[in-house]
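Order-wise, the sequence lines are chains X and L. Mapping of the first sequence onto my numbering: residues 15 to 395, in sequence order. Mapping of the second sequence onto my numbering: residues 11 to 635, in sequence order. Just so it is clear, CB atoms sit at the ideal spot from N, CA and C, and this is done for glycine as well. Just so we're clear, the structure is a prediction, and the values are computed from it rather than from any experiment. See below for the structure under consideration.
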Amino acid sequence: MILERRLIREPSFGLATKLWNISWFYVLLLCALAGVGYAALYSAAGGSPDPYASRQALRFAFGLVMMLAISVVDIRFIARLAWPVYLVSVALLVLVLRMGHVGKGAQRWIDLGGFQMQPSELAKIGLILVLASWFHRASNERVGNPLFLIPPIILVLIPVGLILKEPNLGTAVITAVVGGAVFLGAGVRWWKFALVAVLGGLAAPIAYSHLHDYQRQRITTFLNPESDPLGAGYNIIQSKIALGAGGMWGKGFLQGTQGHLNFLPEKQTDFIFTMLAEEFGLVGSLSVLGLLLLIVMGALLIGLRCRHQFGRLVAIGIAVNFFMYVFVNVAMVMGAIPVGGVPLPLVSYGGSALLTVMFGMGILMSVHVHRDVEFGEAGGD
Amino acid sequence: MKREIRRTGIYTRRALLVGAVQVGAFGVLAAKLYQMQIMQGERYATMAEANRISARMLAPARGRVLDRYGTTLAGNKLNWRAVLVAEQAENVGASLDAFARIIPLAEHERVRVERDLRRRRRFIPVTLREFLSWEEMAAIEVNAPDLPGVMVDVGTTREYPFGPALAHVVGYVAPASEQDTAEDPMLALPGIRVGRSGMEKFADTVLRGSAGSVQLEVNAVGRVIRELDRHEGTPGADLTLSIDAGLQQDVLARLGDESASAVVMDARNGEVLAMATTPSFDPSLFDSGVSTAQWLAWTSNRRAPLINKTTAGVYPPGSTFKMAVALAALESKVITPNDRVNCPGYYDLGDTRFHCWSKYGHGNQDLRGGLKNSCDVFFYEVAKRVGIDRIAATSRRLGLGADLDIELPGVRKGMVPTRDWRISQGKAWNQGDTVVSGIGQGYIQVTPLQLATYTSRLATGRIVQPHLTRSVRGVLQPGSQPSDWPTLGMPERMLAAVREGMWAVVNEQGGTATIAKLPMQGVSFAGKTGSSQVRRVTREQREHGFNSENLPWEYRPHALFVGYAPYEAPRYAVAVVVEHGNAGSAAAAPLARDIMVDTLTRDPSERRETPQRLAGGGDGSGGVR
């Protein structure tokens, strides 16, 4: 039965078929999310497409084309690019430390010929690809071998370490979790995760002592935001006020006072979810959360339907990556976890994040299009 | 293949688990959203409103103080001031330095400005300098490009057109203290002043008005976006005093350079027409700040310019007290107006000899003669007969040593002693104490205002209370009609006997104050002189031809005169005290006469009085009294 389904061969797998195989419903979900983002950015600019919404729409259009283009690229070809992408992203991470732009006390941005990007975003995709590639051919026996796990752990630690050094604690944690998700999908034993968790727990106090002052400040502020209402805690307090004030139905589009009177900081980027929640209330914020959940679940579903390990591992990695963005951002604006400069994907203003998300979505869609291709399976070797 | 199937199985289980964890995590986020937006939604909504809406108070204009004819005694004038708005200055320090180069700031001013800048929010103006001249304003405007954040705005300041003439009555204002602003936050508004003395202090709440409020929508930095709601405040009420500013000036001119005080009252209703005390001070200095040197000059002056001598100066009444003694005696029936006492020039009580002011004596004296000649021996004897407690009771009813209901702060009660008071001091009351009390010496101390009140009550037979408030916001206050005041309850014939004696003092040949006779037809002045010793005259001095004029200023007796006119239909009462003026007949009586002439010639019946509405019954709104 399984054999029968693996019938697709390259000659019969033309561009039209590939386009037909794209999950257009999934693309629609992404467009819907981008639409929410447009509305939010329109409001954030005080009821105007300038300066945020129109530019973001243009970027999304560009990202969409890029995603569809990547969708039809053979997944096996993408798998061969895993190492190059990974190495380039690590190189960029090194470069950003040397010559990146300093924003808010951290070097995160790099200028690539007039286009600014955060290499950490690309590094997550590179990491997912390279880990998926590593585990693709590994049998369960080999996955069970601790020595076999040492190289991929190093592959995770390199970008995580570099991102920590920027310093960007939030993205570093997300990167580690995304790497962990690929390990999980590959079938690494639970007790090994438990071991890492214990070791991590033991290392936390040591790590805390190496944290930068602003990072410690964030943790302290998180634990007690009212301790410094006009300083670092201000953002969290104002965000919570705006969110809570939305009530059931919200204050209405363009009517959010916290956002429009600038009580809400960075409302077009990190705190855009708060802006939505203030203007559209619980009904609106739950709808947006539902849409985000559909996108995450859709990515997982693509993984479940994929017939090769590489595609499955890429899908789970991208699903967890997207989920982590959403969870960290929403939990952050609700004051549930420390503030950490993580945008809401496809909604927050910013080109770099949008394009890397769409880049990842392109690879995911390629996995979906090429879910049944013959891809040198593991097992026998 | 089996391995592949197994691997797929593991993946499927784990992917489903990841999915379940993610759904759970979204569930937690949704629950948290529900908690914040629904369960705590109202609390957060309130906080959002508090963020957005800034309620600010609008300072009401302070009410004016007017005299009985509507002349402004205390008003508001425009005050141009330089303010600094920190939010609009790129560099506050640099702006301050630039300002100081144009208009030098003293060290203490700079300290105050910097303190205010630290305490207030960045968009609230901080006053740099008030009372700018035209030249200073022009200099600021010309240099505006170098002074980011510095602006000129206009406020009001208190103006006292009569200055020192009414400083003690009208009082003065000063910026609110921290204690004031703790009680009423309105007082923290720029330009608000608080009454610190006189009517400004007593009627402060009436003059102050109530603050309006404006609700403003502000953004995160506090900049005003729009006005949401506005309630105009109530300006302070105009307060019309019973004072006649013109008369006040006349009286002060009469008192001249003496350390003296005088009160002119409407005897029928207790309205104070003039209340003069010399020397005085400039009340407007308190608004802009009194220099240390000026303060020391005032406080070290032994003529006490800051003290309102009419209410806070206490003096032995001397012979002016004799009417109270006479009435106490008549009321208790120890004498009749026709009883006589022989005056040989002295009075012996046991071993002690009390002297009459005339060492030759006055011979046989009845009440009328005793008052006319101010015979001390007559009153020694009468006082002994009536006793101190009855004298004290009667004099309090007449207003001496009593709490007077006048609207001024720092009013002293004076002292009329009783037997019990002396015993409470652990001493015995001697009959000699009663005897000297009979001529207003000893422990007795009264204020000029009490003397004027006493004279009014004697003249009209009504217990009038001295007061300064005539109307508030144009509404006449109770107390302006004679019938508002109860009668003394003394038989008219007794009062008439005393008044007749007072008439004789001025108008009869040989009276002690014939100098005070009015130079007008059909209107006569009735009064009484008094000279109160500051020091006891020793026997040695007396035997060597004592003359108090040879004493140093501060040991000379005070000169007093009380009187009322017209005798025929009492209208005005006057009390004059010249500190260390020596003899009442010489120093105080001519002053009182001139003041009475001034008062009578300024009689309102010859002037156009501003129409006043009568107070409605039970109208307590804004009433001072």
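Would you check if the distance between the CB atom of residue i and the CB atom of residue j is smaller than 8 Å?
i	j	result
E242 (chain L)	M500 (chain L)	no
M57 (chain L)	I255 (chain X)	yes
G411 (chain L)	V456 (chain L)	yes
R378 (chain L)	L498 (chain L)	no
V474 (chain L)	N279 (chain L)	yes
T288 (chain L)	L249 (chain L)	no
N9 (chain L)	A71 (chain L)	Nothing about residue 9 (chain L) can be reported from this structure: the residues present for chain L run from 11 to 635 only.
T404 (chain L)	A334 (chain L)	yes
M81 (chain X)	M372 (chain X)	yes
L414 (chain L)	Q460 (chain L)	yes
V392 (chain L)	I345 (chain L)	yes
P458 (chain L)	S271 (chain L)	yes
L111 (chain X)	L176 (chain X)	yes
V157 (chain X)	V202 (chain X)	yes
K32 (chain X)	V383 (chain X)	yes
R85 (chain X)	I36 (chain X)	With the sequence shown as reference, residue 85 (chain X) is identified as Ser, and Arg is not the correct amino acid for it. A contact, by the Cβ cut-off of 8 Å.
V515 (chain L)	K382 (chain L)	yes
E502 (chain L)	S534 (chain L)	no
Specify, as a first and last residue, the run of the beta strand (DSSP E) that residue i falls within.
i	result
E293 (chain X)	First-last for E293 (chain X): 286-319, but that is the alpha helix (DSSP H), not the beta strand (DSSP E).
L570 (chain L)	568-575
V587 (chain L)	582-588
K87 (chain L)	82-94
L226 (chain L)	222-228
L251 (chain L)	249-251
D163 (chain L)	160-169
S6 (chain L)	Coverage of chain L is limited to positions 11 through 635, which leaves residue 6 (chain L) absent and any answer about it impossible.
Y357 (chain L)	356-359
Against chain L, with Cβ distances strictly below 8 Å, would residue i count as a contact?
i	result
K138 (chain X)	no
V41 (chain X)	no
A46 (chain X)	no
G374 (chain X)	no
F74 (chain X)	no
R326 (chain X)	yes
A146 (chain X)	no
M262 (chain X)	yes
Measuring alpha carbon to alpha carbon, tell me which of the options ends up nearest residue i.
i	options	result
L251 (chain L)	L:S481, L:R581, L:V572, L:A514	L:S481
I49 (chain X)	X:G261, X:A71, X:G331	It should be noted that the sequence gives Gly, not Ile, for residue 49 (chain X). The residue with the shortest Cα to Cα distance from G49 (chain X) is X:A71.
Q50 (chain L)	X:K265, X:D386, X:G273, X:A259	X:A259
Y464 (chain L)	L:P419, L:A322, L:K332, L:V38	L:K332
G331 (chain X)	X:L55, X:G312, X:L300	X:G312
R168 (chain L)	L:P195, L:V204, L:P158, L:T330	L:V204
P174 (chain L)	L:R62, L:V224, L:S290	L:S290
E145 (chain L)	L:D376, L:V38, L:I113	L:I113
Looking at the unbroken alpha helix (DSSP H) that takes in residue i, where does it start and where does it end?
i	result
Q323 (chain X)	323-347
S542 (chain L)	Looking at the DSSP string, S542 (chain L) is not in any alpha helix (DSSP H); the run it does join, the beta strand (DSSP E), is 536-542.
T346 (chain L)	From DSSP, T346 (chain L) is part of no alpha helix (DSSP H); its letter is neither H nor E.
L42 (chain X)	38-58
Kindly indicate if chain X contains any beta-carbon less than 8 Å away from that of residue i.
i	result
E619 (chain L)	Unreliable placement is indicated for E619 (chain L), whose pLDDT of 44 sits below 50; no coordinate value is reported for it.
R17 (chain L)	yes
I20 (chain L)	yes
A41 (chain L)	no
G626 (chain L)	Unreliable positioning characterises G626 (chain L) in this predicted model, as indicated by a pLDDT of 36, which lies under 50. A coordinate reading is not provided.
G34 (chain L)	no
V204 (chain L)	no
A58 (chain L)	yes
Please confirm whether residue i has its beta-carbon closer than 8 Å to some beta-carbon of chain C.
i	result
A230 (chain L)	Within the model displayed, chain C is absent; protein chains X and L are what it includes.
inquiry  = Under 8 Å: do the region 343-360 of chain L and the region 293-308 of chain L share three or more Cβ pairs, one atom per stretch?
reply    = no
ask   = Can at least three beta-carbon pairs, one atom from the region 181-190 of chain X and one from the region 151-163 of chain X, be found at a separation below 8 Å?
value = no
message = When you compare the region 311-329 of chain X with the region 286-302 of chain X, are there three or more beta-carbon pairs, one atom per stretch, that lie closer than 8 Å?
response = no
ask   = Does the count of Cβ pairs from the region 298-309 of chain X and the region 346-353 of chain X closer than 8 Å reach three?
value = no
message = Can you confirm whether the region 29-36 of chain L touches the region 178-198 of chain L when touching is taken to mean that 3 or more C-beta pairs between the two stretches lie within less than 8 Å?
response = no
request  = Assess, as a yes-or-no matter, whether the region 94-111 of chain X is touched by the region 336-348 of chain X under the definition of 3 or more beta carbon pairs within less than 8 Å.
outcome  = no
ask   = Do the region 315-325 of chain X and the region 143-154 of chain X touch if we need at least three Cβ pairs shorter than 8 Å?
value = yes
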